[in-house]
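There are 2 protein chains.
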Amino acid sequence: MTYNAKAYSVSSPTSPFVSATITRRDATEHDVQIEILFCGICHSDLHQARNEWSGLMPTVYPCIPGHEIVGRVTKVGSAVTKFKAGDLAAVGCMVDSDGTCTECKAGFEQFCPNLTLTYNFPDKHLGGVTYGGYSESIVVDERFVIRAPSNLNLAGVGPLLCAGITTYSPMRHWGVSKGKKVGVVGLGGLGHMAVKFAHAFGAHTVAFTTSPGKKEDALRLGADEVVISRNADEMNKHAGSFDFILDAVAAEHDINAYINLLARDGNLTMVGAPETPLPVAVFGLIMGRRSFSGSMIGGMAETQEMLDFCAGHNITSDFNSRS
Amino acid sequence: MTYNAKAYSVSSPTSPFVSATITRRDATEHDVQIEILFCGICHSDLHQARNEWSGLMPTVYPCIPGHEIVGRVTKVGSAVTKFKAGDLAAVGCMVDSDGTCTECKAGFEQFCPNLTLTYNFPDKHLGGVTYGGYSESIVVDERFVIRAPSNLNLAGVGPLLCAGITTYSPMRHWGVSKGKKVGVVGLGGLGHMAVKFAHAFGAHTVAFTTSPGKKEDALRLGADEVVISRNADEMNKHAGSFDFILDAVAAEHDINAYINLLARDGNLTMVGAPETPLPVAVFGLIMGRRSFSGSMIGGMAETQEMLDFCAGHNITSDFNSRS
Numbered sequence: 001m002t003y004n005a006k007a008y009s010v011s012s013p014t015s016p017f018v019s020a021t022i023t024r025r026d027a028t029e030h031d032v033q034i035e036i037l038f039c040g041i042c043h044s045d046l047h048q049a050r051n052e053w054s055g056l057m058p059t060v061y062p063c064i065p066g067h068e069i070v071g072r073v074t075k076v077g078s079a080v081t082k083f084k085a086g087d088l089a090a091v092g093c094m095v096d097s098d099g100t101c102t103e104c105k106a107g108f109e110q111f112c113p114n115l116t117l118t119y120n121f122p123d124k125h126l127g128g129v130t131y132g133g134y135s136e137s138i139v140v141d142e143r144f145v146i147r148a149p150s151n152l153n154l155a156g157v158g159p160l161l162c163a164g165i166t167t168y169s170p171m172r173h174w175g176v177s178k179g180k181k182v183g184v185v186g187l188g189g190l191g192h193m194a195v196k197f198a199h200a201f202g203a204h205t206v207a208f209t210t211s212p213g214k215k216e217d218a219l220r221l222g223a224d225e226v227v228i229s230r231n232a233d234e235m236n237k238h239a240g241s242f243d244f245i246l247d248a249v250a251a252e253h254d255i256n257a258y259i260n261l262l263a264r265d266g267n268l269t270m271v272g273a274p275e276t277p278l279p280v281a282v283f284g285l286i287m288g289r290r291s292f293s294g295s296m297i298g299g300m301a302e303t304q305e306m307l308d309f310c311a312g313h314n315i316t317s318d319f320n321s322r323s
Numbered sequence: 001m002t003y004n005a006k007a008y009s010v011s012s013p014t015s016p017f018v019s020a021t022i023t024r025r026d027a028t029e030h031d032v033q034i035e036i037l038f039c040g041i042c043h044s045d046l047h048q049a050r051n052e053w054s055g056l057m058p059t060v061y062p063c064i065p066g067h068e069i070v071g072r073v074t075k076v077g078s079a080v081t082k083f084k085a086g087d088l089a090a091v092g093c094m095v096d097s098d099g100t101c102t103e104c105k106a107g108f109e110q111f112c113p114n115l116t117l118t119y120n121f122p123d124k125h126l127g128g129v130t131y132g133g134y135s136e137s138i139v140v141d142e143r144f145v146i147r148a149p150s151n152l153n154l155a156g157v158g159p160l161l162c163a164g165i166t167t168y169s170p171m172r173h174w175g176v177s178k179g180k181k182v183g184v185v186g187l188g189g190l191g192h193m194a195v196k197f198a199h200a201f202g203a204h205t206v207a208f209t210t211s212p213g214k215k216e217d218a219l220r221l222g223a224d225e226v227v228i229s230r231n232a233d234e235m236n237k238h239a240g241s242f243d244f245i246l247d248a249v250a251a252e253h254d255i256n257a258y259i260n261l262l263a264r265d266g267n268l269t270m271v272g273a274p275e276t277p278l279p280v281a282v283f284g285l286i287m288g289r290r291s292f293s294g295s296m297i298g299g300m301a302e303t304q305e306m307l308d309f310c311a312g313h314n315i316t317s318d319f320n321s322r323s
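Listed in order, the protein sequences are those of chains A and B. Going by the numbering used here, the first sequence opens with residue 1, and the numbers climb by one from there. Going by the numbering used here, the second sequence opens with residue 1, and the numbers climb by one from there.
This is the structure in structure tokens:
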């Protein structure tokens, strides 16, 4: 059983988004049907719409992106316990996983080999591919639906499901907390959330940017210091001093310049993924037992924890809205 | 006050080692004088003798290498408490540090900004550079002298002070233990010790080698499995399965092939340092929150712990002896 929903759809790498009608499944036993109130526009959405990841994940057209979804529950399946109609709810980058593998059991659904992404991924229910949040309605298994807080501006909650968890998770994993010195490289969708979290965790927060024009923004977001990364002298002043650096830059850049800023046992985690391999000077890792890592969104329990943390600390994503 | 000691000395990048006489200081208050019984020949010694690290650490000639030293205490200074004449003692890569910086206080003398290496490093006592263990005698501050066990073949103890601690330390740091799957890349001086330690720690130990001829050696050293790394099928069978990989290869090689073998939260630590940066595919780190690290020898307390562990588990380095 299915129903129709309006959506913004793109039909080729070069065509504009147009209004379209898509088919959604009726909520089955474990499903939650959500009226979408806001959906963030993630840079991934644009990459996918333009088929710029054709090697890794070719785009199936028509494509309906969107994985930063906030809305109100309109219907729940008979076995659903976490939600009822009228609740605020959120959906991020994933809508299903096998639930039985070691990753799922450990709370790392994002690494499940049988993961289903929110859009452009084989749809097990209807065939074809999944359709994302550029739509008026979505139906998702309750395991992949997050309770959304009522005290935050919902327009700024959507991006927390992607940019929020992507930056929150590695900071928690690598122990960002009061007394630590933390750097954030790049001040876009991910980086600006990282600055907010590092500040909320009580760390001494340093924002790195190539654009002097972003300095005031960084301070407003919660940075204690701003370093213009093109200035070698400014960079050198921080050599060997960081416990953790989160790098949100997807373009190629000199990663060794940042690795050299880490203290002993410091970690640099990439959440942006440059297309070509980054040359890493091993000597910089050996000196100080430093490590260079990656991280990808977070599991569902941690995503809920992140959103609860945001509710408690009044944290949302900055946004420009359009209707 | 000084005395003369015989040594093997090299006077230029191209000249052979020759017998020579060097000057040693008399033991001061905190010093231990050691009659050297064995000294390992580390590959670093050859790099240094041949001035192959001219960019990083130019060789001062005459050069007397050697930082895998085992011997018997012949004299101690008035303030020395850990040693007395007749004790077995060992000296590794360092002979001094400031003792007051945060690294020293945390037991990481190897990262002290005022470290003195055992050879080819400014000698604070006599001027010139320090002279290493290719000598009949050495004088070292007791903080940098390790108690050597009497139950091991001393010829196989020297390399523990370099290859031993270099492989033991990162394995301890990254939690190598029973139930973990551990890989060792390269089966030379460092790698063969890593296999012995991984096995002694109870891990399922997999040795990677390009040389099928080393398979029997690896099994004898304690490997549970041997993978010929040139065989892509063999490699793929282990994808996503390792908790820890220690990479002891200093030559350029495809590090991403090993990163892809790591399980979620797996770590690959380099103890070899290729001269040119290694291209690291960030996507491989992001998938599975993997990390890529380096490690350099170990602090003095941990070096003693390592040697005590070796004594308890009857572990020595393999060796070919020459007198």
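Glycine is no exception: its CB is placed at the ideal position from the N, C-alpha and C atoms.
Quick one: any contact between the region 297–308 of chain A and the region 272–280 of chain A, if contact means 3 or more CB pairs under 8 Å?
-> Taking 8 Å as the limit for Cβ pairs, the verdict is that the region 272–280 of chain A does not touch the region 297–308 of chain A.
In whole angstroms, what separates the C-alpha of ASP31 (chain B) from that of THR167 (chain A)?
-> For the pair ASP31 (chain B) and THR167 (chain A), the Cα-to-Cα distance works out to about 51 Å.
Using the Cα positions of CYS101 (chain B) and GLY179 (chain A), report the straight-line distance between them to the nearest angstrom.
-> The alpha-carbon atoms of CYS101 (chain B) and GLY179 (chain A) are separated by roughly 19 Å.
Within-9 Å CB hit, PRO58 (chain B) to chain A | Cβ-Cβ to chain A under 9 Å: no for PRO58 (chain B).
Kindly indicate if chain B contains any beta-carbon less than 9 Å away from that of GLY272 (chain A).
-> GLY272 (chain A) counts as touching chain B.
Which residues mark the beginning and the end of the beta strand (DSSP E) in which LYS75 (chain B) is found?
-> Its beta strand (DSSP E) spans residues 69–76.
Would a C-beta distance cut-off of 9 Å place SER135 (chain A) and TYR8 (chain A) closer than the cut-off?
-> Yes; because the gap between Cβ atoms is below 9 Å, this pair is in contact.
Give the DSSP-derived three-state secondary structure of VAL91 (chain A) in the structure shown.
-> DSSP places VAL91 (chain A) in strand when its eight states are reduced to three.
Tell me where the alpha helix (DSSP H) around ASP141 (chain B) begins and ends.
-> Not the alpha helix (DSSP H): ASP141 (chain B) falls in the beta strand (DSSP E), residues 137–141.
Who are the near neighbours of GLY202 (chain A) in its chain, counting only those whose CB is closer than 7 Å to its CB and skipping five residues on each side?
-> Here the set comprises SER177 and LYS178.
Please confirm if ILE286 (chain B) has its CB atom under 9 Å from at least one CB of chain A.
-> It does; some Cβ of chain A falls within 9 Å.
From B:GLY266, B:ASP318, B:PRO58 and B:SER293, pick the residue whose C-alpha is nearest to that of PHE327 (chain B); which is it?
-> The structure shown does not extend to residue 327 (chain B), since chain B is modelled only from 1 through 323, so no value can be given for it.
For GLY175 (chain A), does the count of other Cβ atoms within 10 angstroms reach 16, so buried, or fall short, so exposed?
-> Taking every protein chain shown into account, the CB of GLY175 (chain A) has fewer than 16 other CB atoms within 10 angstroms, so this residue is exposed.
Could you check if ALA218 (chain A) is buried or exposed, using at least 16 other CB atoms within 10 Å of its CB as the buried criterion?
-> Counting Cβ neighbours within 10 Å, ALA218 (chain A) comes out buried, since at least 16 surround it.
Chain-ordered chain B contacts of GLU29 (chain A) [CB-CB under 7 Å] = Taking a Cβ-Cβ cut-off of 7 Å, GLU29 (chain A) has no neighbours in chain B, whose nearest Cβ is about 30 Å from it.
Can you tell me which of B:VAL95, B:GLY158, B:TYR258 and B:LEU154 puts its alpha carbon nearest to the alpha carbon of SER241 (chain B)?
-> With distances taken between Cα atoms, SER241 (chain B) lies closest to B:TYR258.
Going by beta carbon distance, what residues of the same chain come within less than 7 Å of GLY132 (chain A), once the five residues before and after it are set aside?
-> Hits under 7 Å: ILE64, PRO65, GLY66, HIS67, THR118 and TYR119.
Provide the residue span of the beta strand (DSSP E) that contains PHE246 (chain A), from first to last.
-> In the sequence under discussion, the amino acid at residue 246 (chain A) is Leu, which differs from the Phe named in the question. Residues 242–247.
For the region 4–25 of chain B, enumerate the residues whose C-beta is nearer than 8 Å to any C-beta of chain A, in chain order.
-> Contact residues of the region 4–25 of chain B toward chain A are absent (C-beta to C-beta distance below 8 Å).
Using a C-beta cutoff of 9 Å, does THR118 (chain B) count as contacting chain A?
-> No, THR118 (chain B) lies away from the interface with chain A (no Cβ there is under 9 Å from its Cβ).
For HIS313 (chain A), which residues in chain B fall below 7 Å Cβ to Cβ?
-> The premise fails here: HIS313 (chain A) is roughly 24 Å from chain B at the closest Cβ pair, so nothing lies under 7 Å.
Within its chain, find whatever has a CB closer than 6 Å to the CB of GLY266 (chain B); leave out the 5 residues flanking it on each side and keep chain order.
-> PHE242, ASP243 and ARG290, listed in sequence order.
Going straight from the alpha carbon of VAL184 (chain A) to that of MET306 (chain B), what length do you get?
-> Roughly 37 Å separates the two Cα atoms.
At a CB-CB cut-off below 9 Å, which residues of chain A make contact with LEU278 (chain B)?
-> In chain order: PRO277, PRO279, VAL280, ALA281 and VAL282.
Check whether the Cβ of GLU103 (chain A) lies closer than 9 Å to any Cβ atom in chain B.
-> Any Cβ of chain B closer than 9 Å to the Cβ of GLU103 (chain A) would place that residue at the interface, and such an atom is present.
Look at the alpha carbon of LYS105 (chain B) and the alpha carbon of SER293 (chain A), and state the distance between them as a whole number of angstroms.
-> Distance between the alpha carbons of LYS105 (chain B) and SER293 (chain A) is about 28 Å.
Residues in the region 141–171 of chain A with C-beta within 7 Å of chain B's C-beta atoms, listed in sequence order?
-> Answer set for the region 141–171 of chain A: empty.
Three-pair Cβ contact test at 8 Å for the region 214–233 of chain A versus the region 282–289 of chain A | With the cut-off at 8 Å, the region 214–233 of chain A and the region 282–289 of chain A do not touch.
Could you pull out every unbroken alpha helix (DSSP H) segment of at least 4 residues lying fully inside the region 204–272 of chain B, listed in chain order?
-> If we require 4 residues or more, the alpha helix (DSSP H) runs fully inside the region 204–272 of chain B come out as 215–221, 232–236 and 255–259.
Say whether chain A places a C-beta atom closer than 9 Å to the C-beta of HIS238 (chain B).
-> Look at HIS238 (chain B): its C-beta is not under 9 Å from any C-beta on chain A.
How about VAL157 (chain A) and SER317 (chain A): are their beta carbons less than 9 Å apart?
-> Contact flag set, yes.
For ASP45 (chain B), three-class secondary structure by DSSP | Under the three-state reduction of DSSP output, ASP45 (chain B) falls in the helix class.
Every unbroken alpha helix (DSSP H) within the region 97–133 of chain B, with a cutoff of 4 residues, ordered by chain | You should have 102–105.
Could you tell me whether any Cβ in chain B is nearer than 9 Å to the Cβ of MET235 (chain A)?
-> Not closer than 9 Å to any Cβ of chain B, the Cβ of MET235 (chain A) fails to qualify, so no.
How long is the line joining the alpha carbons of GLU109 (chain A) and ARG264 (chain B), rounded to whole angstroms?
-> Across the structure, GLU109 (chain A) and ARG264 (chain B) are spaced so that their CA atoms are roughly 12 Å apart.
Span of the alpha helix (DSSP H) around LYS181 (chain B) = That residue, LYS181 (chain B), is in no alpha helix (DSSP H); its beta strand (DSSP E) goes 181–185.
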